[in-house]
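Asks: Using numbering that gives the first Met the number 0, the first residue of the sequence shown is number 0, and each one after it goes up by one.
Every residue, glycine too, gets a C-beta built ideally from N, C-alpha and C.
Only a predicted model underlies this, so the values are computations on that prediction, with no experimental measurement involved.
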Amino acid sequence: MTNGDKIVVPNLLNLFEETKPSMILTELFPFGRRQFRFELIPLLDRAQEAKWKPKIIASMRDILVTNLGKTET
């Protein structure tokens, strides 16, 4: 955890408690954007513990498809 994370995480958790969101939407996390895990994991843990139970949604911007048997020319 960096010094920046030590500042950002408590601020993010305080904001979560103050605003009591009904939903948390992440883009690609946990499937991508792993560099934000130090911020998002504590937030998602707190959301699961919250009395008001916000929905947690992961947005998948791209769907990766493998073309089996197809070769590039």
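#1: What is the DSSP secondary structure of Thr-18, reduced to helix, strand or coil?
#2: How close, in whole Å, do the beta carbons of Arg-32 and Glu-26 come, if the pair is a contact with beta carbons under 8 Å?
#3: Does Leu-14 pass the burial test, meaning 16 or more other C-beta atoms within 10 Å, or should it be called exposed?
#4: What is the C-beta distance between Phe-35 and Ala-57, in whole angstroms, given that I count them as a contact (C-beta under 8 Å)?
#5: Which residues does DSSP pair with Thr-25 in a beta bridge?
Replies: With the structure as the only source:
#1: Here residue 18 is taken as the residue at index 19 of the sequence shown, counted from 1. Helix.
#2: The residue you call residue 32 lines up with position 33 of the sequence shown. The residue you call residue 26 lines up with position 27 of the sequence shown. Between Arg-32 and Glu-26 the beta-carbon gap is near 7 Å, inside 8 Å, which marks them as a contact.
#3: On the sequence shown, residue 14 is found 15 positions in, with the first residue counted as 1. Result: exposed.
#4: Counting from 1 along the sequence shown, the entry for residue 35 is found at position 36. Counting from 1 along the sequence shown, the entry for residue 57 is found at position 58. That belief does not hold up - the Cβ atoms of Phe-35 and Ala-57 are roughly 12 Å apart, past 8 Å.
#5: As a working note, residue 25 is residue 26 in the sequence shown. Looking at the DSSP assignment, Thr-25 forms a beta bridge with Ala-57.
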